[in-house]
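Taking it in order: structure first as structure tokens, then the write-up.
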Amino acid sequence: MKASEVSALIYDHEIKLERRARELNTNIMLSREKIVELKRELMSIYQQMAKVLLLESPDVQDLSQINQLIDQLKSQIADLNNRLSALKQKAEKDRQKYKELTAEAGELEKRRDDLLSQDPAFVSLNNKYIQADNDALSIDEQSSQVQEEASNKLAEYDSNPSFHYLIQRKFSQPDYRGKWIFRNLDNWLARQVDFPRNFRNYNMLHAMKQEIAKRQLTMNQRLEALSAERDTMIAGAAQNVGLSEVSQQLARLEQVLDEGLVNIKKLHDELRKNITGDGVLFESVTAKIAEVMQTLPLDRLNALTLKTESSLDDELLKRVLATKNSIASFENIIATLYPEWVRTGTEYDRIHAMAQSFINSDLNRSKYQYDIGMNQIETILVSIFSGDFGSRHLLEILKSVKYVPNNNSSSSSSSSSGGFWSTSSSSSSSSSRESSSRSSSGSGGYSSSSSSGGGSFSTSSSSGGGKFTTTDSF
């Protein structure tokens, strides 16, 4: 066999083993992933069964762990009820206190107003404030009317192209500039649109807008100053009669009431969810009961389902049985494939190491040929896979049967190293040559055979060609 054929044979076995190992590994991993998925689904089923059990809360004294968890949930729900009742009672007290403070604040406001009405300075200031407020309202109305009228009329002026052109040219203004011909043209155009009169009206409209805005700003500033002074006197009177402190208490109590309502709503929602099976506490206890259920045999699970009136857990129990059977099926697949996967992996490691050694030893060079058959190599590979021989066994055999073909002279494939396929000795070679000489003188051709160490070979030659071949058998 050629070195390339030996390489191809080893490579084919390596590839086949690698593919088979990968295929087995993929099937095992898929089975494991399916088992994980089924176990997750199984836990979900147990949680649904636990939820049914918690919602009905039957007597399960024979299962102390589950009974304790049910009692734990009942205790936690009772605690939520107590907290909710306490919040409601506190909120009711706060509302009553708020009502009392509101009535007290009303009485103090009357006293404050009486005190202020007897103060001439405040009465005078308050009158000024009222008058300023009325004036501000009047100016606001005037401003609205002036702004609307001026804007409409200015829009008419701006829409006239001739007037607008003269305005852009700054005609009749101190910084008006232009050559005499343009000045003459501008004067002629100004006479056409009666520019002097319209320009006065145009400027008057702008002045009206500015004036009313100035008055409005002045009045608002005066009103703000009077308001600040008035508020200071009102706050002083409120402080004197004790209204400020009561007002602060009312503000704080109002905030407490708002926060209390939020807390009551949150606690009420939490309680409702735990009663209906959607709350955090309920889900926590459900998960613990599901863990206990997972350890129970099917007959105990069946006994639990009989304690509830719902038929849902009966259907869930059937799903538990079907899911467990599916898990067992995939576990059997893994148990079946795993030994073959281990064996295939070992065989792949061995042939991979042998292939690397074959390359590193230069036995794969194209100049070599090996006096050995494919079936013999296959037999040796099987022995290596089974562990009867090491991976270097084939290399040693190949070394013993390698030869380099020579097209210009006779060649022999038998090795003089005395290896496994060594088939001749000096004595047998001498007798063969003598026999060949006698035979060639009589008939022009010869054949001979001898054996040594278990090997056998045959040679043939013609007197005219001087060429012979050797074939060894395993």
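UniProt numbering numbers the first residue of the sequence shown as 1 and each following residue consecutively. Each residue gets a CB set at the ideal place from its N, CA and C atoms; glycine is no exception. Note that this is a predicted model, so its numbers are computed, not measured.
(request) Report the option in R169, H164, K209, L205 whose CA atom is closest to the CA atom of V193. (result) Within the sequence shown, numbered from 1, the residue matching residue 193 stands at position 193. With distances taken between Cα atoms, V193 lies closest to H164.
(request) Give me whichever residues DSSP pairs with Y403 in a beta bridge. (result) Looking up residue 403 in the sequence shown gives position 403. Beta-bridge partners assigned by DSSP to Y403: Q369.
(request) In angstroms with no decimal places, state the Cα-to-Cα distance between S85 and V52. (result) As a position in the sequence shown, residue 85 is number 85, starting the count at 1. As a position in the sequence shown, residue 52 is number 52, starting the count at 1. Approximately 28 Å between the Cα atoms of the pair.
(request) Look at the alpha carbon of I212 and the alpha carbon of E156, and state the distance between them as a whole number of angstroms. (result) Here residue 212 corresponds to residue number 212 of the sequence shown, with the count starting at 1. Here residue 156 corresponds to residue number 156 of the sequence shown, with the count starting at 1. Near 21 Å, if we compare the C-alpha coordinates of E156 and I212.
(request) Could you have a look at K179 and say whether DSSP puts it in helix, strand or coil? (result) For the purposes of this step, residue 179 is taken as the residue at position 179 of the sequence shown. K179 falls in the coil class under three-state DSSP.
(request) Give me the Cβ distance between T323 and L38, rounded to the nearest whole Å; I'm assuming they're in contact under 8 Å. (result) Along the sequence shown, one-based indexing puts residue 323 at 323. Along the sequence shown, one-based indexing puts residue 38 at 38. About 5 Å separates the two Cβ atoms, so the contact holds.
(request) Would you tell me roughly how many angstroms separate the C-alpha atoms of R20 and P405, rounded to the nearest one? (result) For the purposes of this step, residue 20 is identified with residue 20 of the sequence shown, where counting begins at 1. For the purposes of this step, residue 405 is identified with residue 405 of the sequence shown, where counting begins at 1. One alpha carbon belongs to R20, the other to P405, and they sit about 38 Å apart.
(message) Suppose you measure from the CA of Q145 to the CA of A251; what does that come to, to the nearest Å?
(response) Within the sequence shown, residue 145 is the residue found at index 145, counting from 1. Within the sequence shown, residue 251 is the residue found at index 251, counting from 1. Rounded to whole angstroms, the gap between the alpha carbons of Q145 and A251 is 42 Å.
(message) Which of the three DSSP states is assigned to K307 in this structure?
(response) As a position in the sequence shown, residue 307 is number 307, starting the count at 1. Under the three-state reduction of DSSP output, K307 falls in the coil class, being neither helix nor strand.
(message) With the cut-off set at 7 Å, would you say V292 and I45 are in Cβ contact?
(response) By one-based count along the sequence shown, residue 292 stands at place 292. By one-based count along the sequence shown, residue 45 stands at place 45. Taking 7 Å as the Cβ cut-off, V292 and I45 do not qualify as a contacting pair.
(message) In this structure, how does DSSP classify K2 when only helix, strand and coil are distinguished?
(response) By 1-based counting over the sequence shown, the position of residue 2 is 2. K2 carries a strand assignment under DSSP once its states are collapsed to helix, strand and coil.
(request) Could you spell out where the alpha helix (DSSP H) holding V241 opens and where it closes? (result) By 1-based counting over the sequence shown, the position of residue 241 is 241. Start and end: 195-241.
(message) Please list the terminal residues of the continuous alpha helix (DSSP H) segment that includes L321.
(response) In the sequence shown, residue 321 corresponds to position 321, counting from 1. Unbroken alpha helix (DSSP H) run through L321: 312-360.
(request) Check whether the Cβ atoms of A132 and L226 sit closer than 7 Å, and answer yes or no. (result) As a position in the sequence shown, residue 132 is number 132, starting the count at 1. As a position in the sequence shown, residue 226 is number 226, starting the count at 1. In this structure, the beta-carbon distance from A132 to L226 falls below 7 Å.
(message) Is the separation between the beta-carbon of A150 and that of K209 shorter than 7 Å?
(response) Numbered from its first residue, the sequence shown carries residue 150 at position 150. Numbered from its first residue, the sequence shown carries residue 209 at position 209. By the CB criterion at 7 Å, A150 and K209 fall inside the cutoff.
(message) I need the boundaries of the alpha helix (DSSP H) containing R112, first residue and last residue.
(response) Here the question's residue 112 lines up with position 112 in the sequence shown. From DSSP, the alpha helix (DSSP H) with R112 extends over 64-117.
(request) Using three-state DSSP, classify R169 as helix, strand or coil. (result) Within the sequence shown, numbered from 1, the residue matching residue 169 stands at position 169. It is coil, neither helix nor strand.
(request) Check whether the Cβ atoms of M49 and D313 sit closer than 7 Å, and answer yes or no. (result) Here the question's residue 49 lines up with position 49 in the sequence shown. Here the question's residue 313 lines up with position 313 in the sequence shown. Yes; because the gap between Cβ atoms is below 7 Å, this pair is in contact.
(message) DSSP three-state label for L296, please.
(response) Here the question's residue 296 lines up with position 296 in the sequence shown. Annotated three-state conformation of L296 is coil, per DSSP.
(request) Select from H393, S386, K34, N302 the residue whose C-alpha is nearest the C-alpha of F330. (result) In the sequence shown, counting from the first residue as 1, residue 330 sits at position 330. Selected option, being the one with the closest Cα: K34.
(message) Are the CB atoms of D135 and M219 within a distance shorter than 7 Å?
(response) Against the sequence shown, residue 219 aligns to sequence position 219. Against the sequence shown, residue 135 aligns to sequence position 135. Yes; because the gap between Cβ atoms is below 7 Å, this pair is in contact.
(request) Would you please state the rounded distance, in angstroms, between the beta carbons of L9 and M354? I believe it to be under 8 Å. (result) In the sequence shown, residue 9 corresponds to position 9, counting from 1. In the sequence shown, residue 354 corresponds to position 354, counting from 1. Contact doesn't hold; Cβ gap of about 11 Å is too wide.
(message) If the criterion is Cβ atoms closer than 7 Å, does the pair L17 and T344 meet it?
(response) For the purposes of this step, residue 17 is taken as residue 17 along the sequence shown, with counting starting at 1. For the purposes of this step, residue 344 is taken as residue 344 along the sequence shown, with counting starting at 1. Yes; because the gap between Cβ atoms is below 7 Å, this pair is in contact.
(request) Give me the Cα-Cα distance between V36 and I66, rounded to the nearest whole angstrom. (result) Taking the first residue of the sequence shown as position 1, residue 36 is located at position 36. Taking the first residue of the sequence shown as position 1, residue 66 is located at position 66. Cα atoms of V36 and I66: separation of roughly 26 Å, rounded to the nearest angstrom.
(message) For the stretch 99-113 against the stretch 232-242, do three or more pairs of beta-carbon atoms, one drawn from each stretch, fall closer than 8 Å, so that the two count as touching?
(response) In short, these stretches touch, since the Cβ pair count reaches three.
(message) Quick check: what's the CA-CA separation for K179 versus F195?
(response) Counted from its first residue, the sequence shown places residue 179 at position 179. Counted from its first residue, the sequence shown places residue 195 at position 195. A direct Cα-Cα distance of roughly 20 Å separates K179 from F195.
(message) For E283 and L55, what's the separation of their Cα atoms in angstroms?
(response) Here residue 283 corresponds to residue number 283 of the sequence shown, with the count starting at 1. Here residue 55 corresponds to residue number 55 of the sequence shown, with the count starting at 1. Approximately 12 Å, taken between the alpha carbons.
(message) Using a 10 Å radius around the Cβ and a threshold of 16 neighbouring Cβ atoms, would you call Q173 buried or exposed?
(response) Your numbering for residue 173 matches position 173 in the sequence shown. The residue is exposed, with fewer than 16 neighbouring Cβ atoms inside 10 Å.
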